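Colleague:
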Amino acid sequence: MHIGVIGATGTIGGRVVTEAVERGHRVTAFSRDATRVTQRREGVEWRSVDVLDADSVARVLPGLDVLVSGFQPGNAAADFEEAVRRSIADPTVYATAARALLKALERQPRTRLIVIGGAGSLEIAPGVVRADSDELLHETLDGLGLPRAYAAAVRGHREALNVLRLSNRLWTYFSPAEEIAPGERTGRFRVGGDQPVLDAEGRSRISVEDAAVALVDEAELPRFVQRRFTVGY
50 MHIGVIGATG TIGGRVVTEA VERGHRVTAF SRDATRVTQR REGVEWRSVD VLDADSVARV
110 LPGLDVLVSG FQPGNAAADF EEAVRRSIAD PTVYATAARA LLKALERQPR TRLIVIGGAG
170 SLEIAPGVVR ADSDELLHET LDGLGLPRAY AAAVRGHREA LNVLRLSNRL WTYFSPAEEI
230 APGERTGRFR VGGDQPVLDA EGRSRISVED AAVALVDEAE LPRFVQRRFT VGY
């Protein structure tokens with residue numbers, strides 16, 4: 050397959066590129082400014098794209114089977130605190146990006162889109178979503194060491210999901226587990242839908258490496274077209 054990855058210099062996007070290449074797929078990696086990328090590798094072509102500009106995205110779509118968007122308003126892999134600040138400053142940017150991606154896909158309707166989003170919109174109990182409750186969100190953010198103001202970004206991710214849900218394009222929304230960090234690639238995890246996957250301790254967690262495995266699995270064998278999915282141990 051030919052897989053495009055927006056945000057390919059990011060924590061998750063970089064792992065998706067690695068996973069796809071190691072499985073033998075052709076990868077086009079996208080960055081805001083590909084000329085600044087110094088690390089090149091066989092099997093990966095780098096191109097610049099502005100995910101907030103539908104025309105910019107549309108120009109890179111021809112030939113792609115799947116476009117993965119790991120867009121963030123900053124690069125958390127390079128400067129985590131700056132990425133958090135930028136996400137808080139303009140939480141509407143996630144929905145803006147979703148609209149631009151969907152607009153671009155009008156010209157290539159057979160290309161699949163997989164958007165990497167957040168876990169705050171998962172249903173933690175019947176009818177209960179963390180994004181609906183300041184108390185629940187603050188509790189989670191405190192546990193993750195994130196500022197409470199980041200609640201705005203969590204809700205911004207949910208708005209992006211709502212934008213996708215109104216579309217008839219071939220979209221998939223990927224909500225990784227609540228706790229996600231670099232770790233081990235085990236290839237052993239469970240897949241869920243709109244509810245988090247919890248381990249024996251009641252935690253929703255996954256390594257970045259295994260999240261990439263799950264995403265490329267979905268790219269290869271679509272199970273959640275026009276749906277959201279999540280993963281966890």
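Each step along the sequence shown adds one to the number in my numbering, with nothing skipped, and position 157 is 206. By construction, the Cβ of each residue, glycine as well, lies at the ideal position given by its N, Cα and C atoms. Note that the coordinates shown come from a computational prediction; the quantities given were computed from them, not determined experimentally.
1. Just to confirm, is the Cβ distance from F238 to G281 under 8 angstroms?
2. Nearest by alpha-carbon distance to R276: which of F223, L264, V265 is it?
3. Could you check if F129 is buried or exposed, using at least 16 other CB atoms within 10 Å of its CB as the buried criterion?
4. If you drop the 5 nearest sequence neighbours on each side, which residues of the same chain put their C-beta closer than 6 angstroms to that of Y143?
5. According to the neighbour-count rule (16 or more other Cβ atoms, all chains shown, within 10 Å of its Cβ), is G59 buried or exposed?
6. Counting pairs of Cβ atoms below 8 angstroms between the region 231-251 and the region 152-159, do you hit three or more?
7. Under the DSSP definition of a beta bridge, which residues are partnered with V280?
8. Could you pull out every residue in the same chain whose Cβ sits closer than 8 angstroms to the Cβ of I137, ignoring the five residues on either side in sequence?
9. Select from I55, D104, A126, V246 the residue whose C-alpha is nearest the C-alpha of R96.
10. Tell whether a beta-carbon distance below 8 angstroms holds between V212 and A107.
11. Got a sec, what are the start and stop residues for the beta strand (DSSP E) L216 sits in?
12. According to DSSP, simplified to helix, strand and coil, what is G166?
13. State the beta-bridge partners of H51 as determined by DSSP.
14. What ranges does the alpha helix (DSSP H) occupy inside the region 160-210, keeping only unbroken runs of at least 4 residues that lie completely in it?
15. Could you tell me the boundaries of the alpha helix (DSSP H) in which A138 lies?
16. Run through DSSP, which three-state label would A80 get?
17. Taking only three categories from DSSP, how would you classify S97?
18. If you draw a straight line from the alpha carbon of V70 to that of T77, how long is it in whole angstroms?
19. List the whole-angstrom C-beta distance separating A230 from T279, where the pair is believed to meet the contact cut-off of C-beta under 8 angstroms.
20. Given a cut-off of 8 angstroms, decide if V93 and S118 are closer than it, judged by their beta-carbon atoms.
21. Which word fits P122, buried or exposed, when buried means at least 16 other C-beta atoms lie within 10 angstroms of its C-beta?
Modeller: Concretely, from the data shown:
1. yes
2. F223
3. exposed
4. G205, H206, A209
5. buried
6. no
7. V240
8. P196, A198, Y199, A201, A202
9. I55
10. no
11. Note on identity: in this sequence residue 216 is Ser, with Leu being the wrong assignment. Run containing S216: none; DSSP gives neither H nor E here.
12. coil
13. R75
14. 183-193
15. 129-138
16. One point to set straight first is that residue 80 is Ser, not Ala, in the sequence displayed. In the structure shown, S80 sits in a strand (DSSP, three-state: E or B).
17. strand
18. 10 angstroms
19. Their Cβ separation, rounded to whole angstroms, is 16 angstroms, which puts A230 and T279 out of contact at 8 angstroms.
20. no
21. buried
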